[in-house]
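Asks: Protein chains in written order, with my numbering: chain A, 2 to 263; chain B, 2 to 263; chain C, 813 to 1115; chain D, 813 to 1115.
Ideal Cβ placement from N, Cα and C applies to all residues, glycine included.
The following block contains the structure, expressed as structure tokens.
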Amino acid sequence: MKQDKYTEKLTYRIRSMEQLTAAAWSMVIECPDVAAKAVPGQFVNLLPDGGFTLRRPISICGIDKNAGTLRIVFEVRGKGTKALSELRAGDTVNMLAPLGHGFTLPGQDARVILVGGGIGTPPMLPLAQYSGAKAVVISGFRNRDAVILQDDFAAAGAKTILCTDDGSAGRFGLVTLPLEEEIKAEKPALICACGPLPMLKATAALAETYEIPCQVSLEERMGCGIGACLVCACRTKDANGDEQYTHVCKNGPVFNAQEVIW
Amino acid sequence: MKQDKYTEKLTYRIRSMEQLTAAAWSMVIECPDVAAKAVPGQFVNLLPDGGFTLRRPISICGIDKNAGTLRIVFEVRGKGTKALSELRAGDTVNMLAPLGHGFTLPGQDARVILVGGGIGTPPMLPLAQYSGAKAVVISGFRNRDAVILQDDFAAAGAKTILCTDDGSAGRFGLVTLPLEEEIKAEKPALICACGPLPMLKATAALAETYEIPCQVSLEERMGCGIGACLVCACRTKDANGDEQYTHVCKNGPVFNAQEVIW
Amino acid sequence: MADLSVNICGIPFKNPVIPASGVFGYGREYEQFYDLSRLGGIATKGTTGTKRTGNLSPRVAETTMGMLNSVGLQNPGIDAFIEKELPHLLACDTVILANIAGSTAEECAEVAAKLDKTDVHMIELNISCPNVKLGGAAFGTSCTAAAQVTKAVRAATKKPLCVKLSPNVTSITEIAKAVEAEGADALSLINTLLGMRIDLRTRRPILHNNMGGFSGPAVFPVAVRMVWQVANAVSLPVIGMGGVASGEDAAEMLMAGASAVQVGTAIVQDPYAPLRIIDELNDWLDSNHIATAAELTGSVKPW
Amino acid sequence: MADLSVNICGIPFKNPVIPASGVFGYGREYEQFYDLSRLGGIATKGTTGTKRTGNLSPRVAETTMGMLNSVGLQNPGIDAFIEKELPHLLACDTVILANIAGSTAEECAEVAAKLDKTDVHMIELNISCPNVKLGGAAFGTSCTAAAQVTKAVRAATKKPLCVKLSPNVTSITEIAKAVEAEGADALSLINTLLGMRIDLRTRRPILHNNMGGFSGPAVFPVAVRMVWQVANAVSLPVIGMGGVASGEDAAEMLMAGASAVQVGTAIVQDPYAPLRIIDELNDWLDSNHIATAAELTGSVKPW
Ligand SMILES: Cc1cc2nc3c(=O)[nH]c(=O)nc-3n(C[C@H](O)[C@H](O)[C@H](O)COP(=O)(O)OP(=O)(O)OC[C@H]3O[C@@H](n4cnc5c(N)ncnc54)[C@H](O)[C@@H]3O)c2cc1C
Ligand SMILES: Cc1cc2nc3c(=O)[nH]c(=O)nc-3n(C[C@H](O)[C@H](O)[C@H](O)COP(=O)(O)OP(=O)(O)OC[C@H]3O[C@@H](n4cnc5c(N)ncnc54)[C@H](O)[C@@H]3O)c2cc1C
Ligand SMILES: Cc1cc2nc3c(=O)[nH]c(=O)nc-3n(C[C@H](O)[C@H](O)[C@H](O)COP(=O)(O)O)c2cc1C
Ligand SMILES: Cc1cc2nc3c(=O)[nH]c(=O)nc-3n(C[C@H](O)[C@H](O)[C@H](O)COP(=O)(O)O)c2cc1C
Ligand code: FES
Ligand code: FES
């Protein structure tokens, strides 16, 4: 990436890089100006080196305003995330952040249930840290080898429930089972969820059944990431229930589950 | 550059990299198989890293069959040569070589005059090394700051005549003046030349006047570099004087001056 | 400092670099990064007679040094544009090109008539959107249809009218001439090429619309060629675009015959792209001792 | 090891990867690198009725992830091809597609008639060369002309006839249908897009022909789109090309509707490109547990 006074504004140093699983990486980025503004649920948009046209959106998994750093956790899916995974501490990365509309949280003393599926788990961590012992984190993964962040959730003081699709770690099966149990045990003030669409749908359905506010973080392929190019449309309902197109990068990624047309 | 068993075949290690002037670099490449085959006047075709489609042709400036290395000297002109100039000893480079038809030399005891203009000077060095004291090397440069390889020519034992366009080093003016003087002093068996087209033309004209065999190394934009894509055409005459298209990469870069349609 | 100012249809531009329609919204998102008055102008998101929600997602795909989009003219409609967006844009101290489109010539004319009563500087009529079923490329790929819609819009406004051409045609010069004959004041090109990408895992087209508009550095040679052909075929000023991502690209587009350039995909990647291109163009002019950007226009000497 | 074999017009190909016409000469230069029998086939340099010297240099320019060429069908003529090159090619144990062209339909037919008496496997009729004044793209950009030249060549040979289409058209499906109606057995696409680059220092087009044929990874999305459109518009097998540079690109082209792919620019860059693409396609099929390459053809599910 050619450096000039404009790219410099978007260029940040990587403080640390850690491999979590075969596919997942944790990156801590030095960006005091961004960390100062960032809220849970927002995302960063990274431009990998090597001839990519589009940036890659990654949720914020940690905000340390004192250290002036952000943490992200991502999985290698295609060429762009592969290139990002090859970065090391001391390298720089081109980043536009913080972007999007994050979670709207109740008081710290309100019970919240945080549901994460696979690589949708990372954005739950700042929420768990906020709510501490009042948080229940239910996360689901394909199998044992894909599990991430369980120690971090525990360290945050949250009740931490792990599920895997094949039972190779934690509970066998989908996250919706423990979710319903926890709802029944004590109705939370809010459910937050991020992960695959079927999981979000099922979570939203349960929330509706039990009449619990629910916020979901959606994914869509993105261009600008700031609300100008209109490529990241998702279908939502406005206050009157009329269909409208909103944009994941600006109006989201976090939406009230009731707004979303599934 | 992604490495696989095919790119490996074309990947060579750089032994050394030296900056000669503000724009010119000297690179020594470890390539025993190539060095074993290479002859003066041939060229290498380098693919810079960073999204280039076409290779960059560079003349061979040194062949060390014992060390198994080639030397090239090149000037930064555009993005590709800029990228090549950023390589360092220990890096690798993707190279197709040796390519093309080189100089056809008389015996080592025959007097030869070697005429180089600017960045056309490097391919004269192996010729000077071959003919030693029997060689006269006349090289011309824009100004003092662009002068290269004079010590190498002297070390080869050649008579070394330097000219600059502005007189800031060596003789003032074009190479054709000392060329005519040297021809008159003692008719050589061969004149070899590489450099800008006007210089080659003038050299060829003098060679014709004095009826001296003359070989010139031509430049043309290239694709494959091996004679298949036909993009590097130059106009030459066949034995009957009929115009024909030949290809700089395969039939050249070195041609008998009489074949060339200027 | 070279003189970067250019003049198109009597409108003075501070510099020849304009964010292209569709990537810059109505400018608001970019104000957090810089003052919009630094731009040569702004081409606004294509606006139609009534509100449109656009196509289903995914609407974007990456390609080698380019991208596909299938937004499909999502916009709030001309009335909302004039009421809610235009006043703010006109306060930005730069030239505003209102990009318009419609399913029928009548819709386009109606939109233009509404803009005629505003202070917008120029109307850019998009007859080349590949992402809508009606109008769009259907206008831009036939001389008759292109002439007809240009005629209708011409009758509806006295504003400088720039018609934006489609590259997905056998002969862009014929379309250009047809549009010139109906009273266009300027031409802009190229809109996106039609392209497609497939997700190997799902075996579905990446775009929900199957095909979409292809833009970015990859298309630059096609854009330069068409700008050159069109500039030589008509006597209208041309605004060139398609893959411009550096000051040197802008210089090349100007030499090919453009009076200004628009920048699309480069901004999707980097919000600062237009400022960088302005700076680089200035630096290139300075280091080549060229006094004005305007003198580059059409200066290529063909063989 | 997946089964890479494919069958086009009854001709068995070992694998679906074929060096494209114009970048591979008559194969001789590549024999120093590998055994040509490893290739799915070879499309030879376009051959005309009589010897041609082609256009003036420069004939090549680099673009972002692509290139322009303006060779202009330099070739020794059909008689020399049949006498000096074909015997050697036919001994290579791979499918030989003789690419032919001409200034008139009669010239094309005459060339085809001469090839009809040889053992060449397939004739690829190029109606899309952008670099010659007569014939070439003039055939490929009009349905009438495309039909006419196909008809003439069809009458001249019983060999499987593949017609190579130009992408520089408003509707490639109409050309495809016109050519199908006149008896083509297969279609290949895309030939090069028309592009231009300018040397900023000299202010001259880089190509001596001013414009030239644009190819390479940059054009891939246009090629995939056109292959998909054409494969859905005709019932002929399609050979896809334009920017294929990896096994995944080949898989995408097959899914779009191609029965095989040709590789051009990637070979100009790297002589080993076709072997790498064959290996990568095989690896991709294996790791996705797909048994045959042939089943990819046309397997994309549109939305
Ligand atoms: C708001 C948001 C937050 C995200 N947070 C995370 C996270 O915290 N950790 C994580 O691992 N992943 C996250 N993702 C998904 C991540 O963006 C994609 O996995 C990544 O873009 C894939 O890029 P690639 O180059 O590896 O894949 P390629 O397939 O090579 O990418 C090609 C193009 O498709 C886009 N793309 C492909 N898959 C997705 C996807 N699932 N979502 C959006 N765009 C996609 C890419 O951005 C790129 O433009 C998030 C996505 C969004 C929209
Ligand atoms: C046979 C041969 C031998 C050469 N030997 C030398 C040498 O020993 N030292 C040296 O410094 N230079 C040499 N050159 C010139 C060298 O190839 C170019 O300077 C170089 O390709 C420029 O690449 P670029 O990326 O810097 O320029 P760009 O302008 O960015 O290149 C764009 C394209 O144009 C081509 N190109 C541009 N200028 C030339 C040129 N003068 N000749 C051929 N292609 C060109 C490039 O290869 C590339 O494909 C030789 C050229 C040829 C044909
Ligand atoms: C996301 C996106 C949306 C676009 N929307 C419009 C539009 O609404 N109206 C229009 O005339 N062109 C639209 N375009 C086309 C651009 O204005 C421009 O013509 C094209 O992208 C080529 O320029 P580029 O290569 O610099 O992107 C759009 C392009 C993109 C990438
Ligand atoms: C240097 C060069 C020469 C070509 N010559 C011919 C030709 O003689 N006949 C032909 O049908 N196509 C010719 N082509 C077009 C290619 O066969 C192919 O259609 C095009 O390059 C697109 O594929 P690619 O992107 O893989 O290069 C030529 C292409 C190049 C780059
Ligand atoms: S990504 Fe551009 S509007 Fe959302
Ligand atoms: S560069 Fe391909 S034939 Fe010379």
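Whose Cβ in chain D lies nearer than 8 Å to the Cβ of H1020(C)?
Replies: Counting from one through the third sequence, the residue named residue 1020(C) turns up at place 208. By Cβ distance, chain D contributes W1115.
Asks: Can you give me the C-alpha to C-alpha distance between N252(B) and P870(D), rounded to a whole angstrom?
Replies: The residue given as residue 252(B) occupies position 251 in the second sequence. The residue given as residue 870(D) occupies position 58 in the fourth sequence. The alpha-carbon atoms of N252(B) and P870(D) are separated by roughly 17 Å.
Asks: Find out if the Cβ-Cβ distance for the pair F1163(C), P1083(C) is shorter than 7 Å.
Replies: Residue numbering for chain C in the displayed model covers 813 to 1115; residue 1163(C) lies beyond these limits and cannot be assessed.
Asks: Going by C-alpha to C-alpha distance, which of D167(B), G226(B) and G63(B) sits closest to F75(B)?
Replies: Taking the second sequence and counting its residues from 1, one reaches residue 75(B) at position 74. Selected option, being the one with the closest Cα: G63(B).
Asks: In three-state terms, what does DSSP make of E181(A)?
Replies: As a working mapping, residue 181(A) is identified with position 180 in the first sequence. E181(A) falls in the helix class under three-state DSSP.
Asks: Is G1054(C) near ligand 3, in the sense that its beta carbon is under 6 Å from a heavy atom of that ligand?
Replies: Your numbering for residue 1054(C) matches position 242 in the third sequence. Flag set: Cβ of G1054(C) near ligand 3.
Asks: Using a Cβ-Cβ cut-off of 6 Å (strictly less than) and excluding sequence neighbours within five positions of I120(B), which residues of its own chain qualify?
Replies: What you label residue 120(B) is simply residue 119 of the second sequence in a count that begins at 1. Within the same chain, I120(B) has close Cβ partners E76.
Asks: So is the beta-carbon of G224(A) under 6 Å away from any non-hydrogen atom of ligand 5?
Replies: Here residue 224(A) refers to the residue found at position 223 of the first sequence. Yes - ligand 5 has a heavy atom lying nearer than 6 Å to the Cβ of G224(A).
Asks: Listed from N- to C-terminal order along the chain, which residues in the region 1063–1079 of chain D have their beta-carbon within a distance smaller than 8 Å of any beta-carbon of chain C?
Replies: Residues A1063, E1064, M1067 and A1068.
Asks: Might you give, ordered along the chain, the residues of its own chain that have their beta carbon closer than 7 Å to the beta carbon of F44(A), omitting 5 neighbours on each side?
Replies: Position 43 of the first sequence holds residue 44(A). Result list for F44(A): P58, I59, S60, I61, L100, G101 and P254, in chain order.
Asks: May I ask you to report which of helix, strand or coil DSSP gives V1036(C)?
Replies: Reading the third sequence from its first residue, position 224 is the one you call residue 1036(C). Correct three-state label for V1036(C): helix.
Asks: How far does the beta strand (DSSP E) with C195(B) in it reach, from first residue to last?
Replies: In the second sequence, residue 195(B) corresponds to position 194, counting from 1. Note, C195(B): beta strand (DSSP E), L191 to C195.
Asks: Going by the CB atoms, is the gap between L885(C) and I935(C) shorter than 7 Å?
Replies: Here residue 935(C) corresponds to residue number 123 of the third sequence, with the count starting at 1. Here residue 885(C) corresponds to residue number 73 of the third sequence, with the count starting at 1. Taking 7 Å as the Cβ cut-off, I935(C) and L885(C) do not qualify as a contacting pair.
Asks: Can you list, in chain order, every residue whose CB sits closer than 5 Å to a heavy atom of ligand 2?
Replies: Taken from the N-terminal end onward, the list reads F44(B), L55(B), R57(B), P58(B), I59(B), S60(B), F75(B), E76(B), R78(B), G79(B), K80(B), G81(B), T82(B), I120(B), P123(B), E220(B), R222(B), P254(B) and E874(D).
Asks: Taking 7 Å as the cut-off, decide whether the C-beta atoms of A1068(C) and I1051(C) are in contact.
Replies: Translated into the one-based positions of the third sequence, residue 1068(C) becomes position 256. Translated into the one-based positions of the third sequence, residue 1051(C) becomes position 239. Contact: no.
Asks: In the region 43–56 of chain A, which residues sit with their C-beta less than 8 Å from some C-beta in chain C, listed in chain order?
Replies: Answer set for the region 43–56 of chain A: L48, G52, F53, T54, L55 and R56.
Asks: With 7 Å as the threshold, decide whether the Cβ of I30(A) is near any Cβ in chain C.
Replies: Stepping through the first sequence from its first residue, residue 30(A) is reached at position 29. Not an interface residue.
Asks: Sorry if obvious, but does the Cβ on H1020(D) come closer than 6 Å to a heavy atom of ligand 5?
Replies: In the fourth sequence, residue 1020(D) corresponds to position 208, counting from 1. The answer is no for H1020(D).
Asks: Which residues in chain C have a C-beta closer than 8 Å to the C-beta of M1008(D)? List them in chain order.
Replies: Numbered from 1 along the fourth sequence, position 196 holds the residue referred to as residue 1008(D). Neighbours of M1008(D) on chain C, chain order: P1033, V1036, R1037, W1040 and A1068.
Asks: I need the DSSP call for A996(C), collapsed to helix, strand or coil.
Replies: In the third sequence, the residue the question calls residue 996(C) occupies position 184. A996(C) falls in the coil class under three-state DSSP.
Asks: Which residues, taken in chain order from the region 1089–1101 of chain D, show a beta carbon closer than 8 Å to some beta carbon of chain B?
Replies: Of all residues in the region 1089–1101 of chain D, D1091 have a Cβ within less than 8 Å of some Cβ in chain B.
Asks: Taking a contact to mean a Cβ-Cβ separation below 7 Å, would you say P197(A) touches I114(A) in this structure?
Replies: Here residue 197(A) corresponds to residue number 196 of the first sequence, with the count starting at 1. Here residue 114(A) corresponds to residue number 113 of the first sequence, with the count starting at 1. Going by C-beta atoms, P197(A) is not nearer than 7 Å to I114(A).
Asks: Spatial neighbours of P41(A) within its chain, please: C-beta separation below 6 Å, excluding the five flanking residues on both sides.
Replies: In the first sequence, the residue the question calls residue 41(A) occupies position 40. Counting only Cβ-Cβ distances below 6 Å, and skipping sequence neighbours, we find G103, F104, P127 and L128.
Asks: Mind checking if R143(B) is an interface residue toward chain D, Cβ cutoff 7 Å exclusive?
Replies: Within the second sequence, numbered from 1, the residue matching residue 143(B) stands at position 142. Not one chain D Cβ lies under 7 Å of R143(B).
Asks: Looking at G834(C) and ligand 8, is the gap between the Cβ and the nearest heavy atom below 6 Å?
Replies: In the structure shown, ligand 8 is absent; the only ligands present are ligand 1, ligand 2, ligand 3, ligand 4, ligand 5 and ligand 6.
Asks: Is it the case that the Cβ atoms of S833(D) and N911(D) are separated by a distance below 7 Å?
Replies: Against the fourth sequence, residue 833(D) aligns to sequence position 21. Against the fourth sequence, residue 911(D) aligns to sequence position 99. Yes, these two residues count as a Cβ contact at 7 Å.
Asks: Give me the residue from N241(A), C235(A) and C250(A) with the minimum Cα distance to V261(A).
Replies: Here residue 261(A) corresponds to residue number 260 of the first sequence, with the count starting at 1. Of the listed residues, the one whose Cα sits closest to V261(A) is C235(A).
Asks: Expressed to the nearest angstrom, what Euclidean distance is found between the alpha-carbon atoms of L88(A) and S17(A)?
Replies: Here residue 88(A) refers to the residue found at position 87 of the first sequence. Here residue 17(A) refers to the residue found at position 16 of the first sequence. Using only the alpha carbons, I get a separation of about 9 Å.
Asks: Could you confirm whether any beta carbon from chain C is found closer than 7 Å to the beta carbon of Y13(A)?
Replies: Locating residue 13(A) in the first sequence gives position 12, where the first residue counts as 1. Y13(A) does not count as touching chain C.
Asks: With 16 other CB atoms within 10 Å as the buried threshold, where does S915(C) fall?
Replies: Translated into positions along the third sequence, residue 915(C) becomes position 103. Classification for S915(C): buried.
Asks: In the DSSP output, what is A1070(C) paired with across the bridge?
Replies: For this step, residue 1070(C) is matched to residue 258 along the third sequence. Partner(s): V1050(C).
Asks: One question on the structure: do V94(B) and G141(B) come within less than 7 Å of each other, judged by their Cβ atoms?
Replies: As a working mapping, residue 94(B) is identified with position 93 in the second sequence. As a working mapping, residue 141(B) is identified with position 140 in the second sequence. Cβ distance not < 7 Å, so V94(B) and G141(B) don't count as in contact.
Asks: For a quick check, are the C-beta atoms of G1110(C) and I1089(C) less than 7 Å apart?
Replies: Taking the third sequence and counting its residues from 1, one reaches residue 1110(C) at position 298. Taking the third sequence and counting its residues from 1, one reaches residue 1089(C) at position 277. Their beta carbons are not under 7 Å apart, which means G1110(C) does not touch I1089(C) by this criterion.
Asks: A998(C) versus chain D: which residues are under 9 Å apart at the beta carbon?
Replies: In the third sequence, counting from the first residue as 1, residue 998(C) sits at position 186. By Cβ distance, chain D contributes nothing, its closest Cβ being about 21 Å from A998(C), past 9 Å.
Asks: Consult DSSP for K1113(D) and reduce its assignment to one of helix, strand or coil.
Replies: Within the fourth sequence, numbered from 1, the residue matching residue 1113(D) stands at position 301. Correct three-state label for K1113(D): coil.
Asks: Can G1076(D) be considered in contact with ligand 4, in the sense that its beta carbon sits closer than 6 Å to one or more heavy atoms?
Replies: As a position in the fourth sequence, residue 1076(D) is number 264, starting the count at 1. Yes.
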